[in-house]
Amino acid sequence: MARVKIDMPESYRFITQLPVRITDINYGGHLGNDAIVSILQEARVRYLASFGATELKALGTALIMADLAVVYKGEGFYGDQLTVEVTAEAFSSVGFELYYRISTFRSGQLTILAEAKTGMVCFDYTARKVARLPEELKAQLSKTNA
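For the sequence shown, position 141 (counting from the first letter as 1) is numbered 141 according to my numbering, and the numbering increases by one without interruption.
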């Protein structure tokens, strides 16, 4: 079976902390895959907010997710404090890739729980079509915030 592979970056421009909530736990007693996707969205929203943007008002454009890939590396449990690192790379004329690493420090050891990538495309919601990546947004995404 072919596995999804993501070439992860060496460094990240933004870091945020999120707790694992009881509602994030699935029937297996660990962090559910649906919760991971929600955690990615929360981290993305916080990253954009760190330079005054939102998904609908991103410095001259709006954003829409074109694809998502997640590679699960370990289990998360209720009470874990997650560190989510985010960075933007692979810019094109209409979008970019966001890379995420979710980890926790438990029992004196760093555990990576998941690595992910989302393809983000600039989008005009009024015209319902792809838009150009504004230089101002690209410049902000390229800055080091961490």
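For glycine and all other residues, C-beta sits at the position ideal for the given N, C-alpha and C.
Under the three-pair Cβ rule at 8 Å, the stretch 15 to 26 does not count as touching the stretch 61 to 70. A contact is defined here as three or more CB-CB pairs under 8 Å, and the stretch 102 to 116 meets this definition with respect to the stretch 70 to 88.
Counting only the Cα atoms, residue 5 lies some 28 Å from residue 132.
By the beta-carbon neighbour count (other beta carbons within 10 angstroms, threshold 16), residue 56 is exposed.
Distance from the CA of residue 52 to the CA of residue 37, rounded to the nearest whole angstrom, comes to 23 Å.
Looking at the backbone, the Cα of residue 74 and that of residue 30 are separated by about 10 Å.
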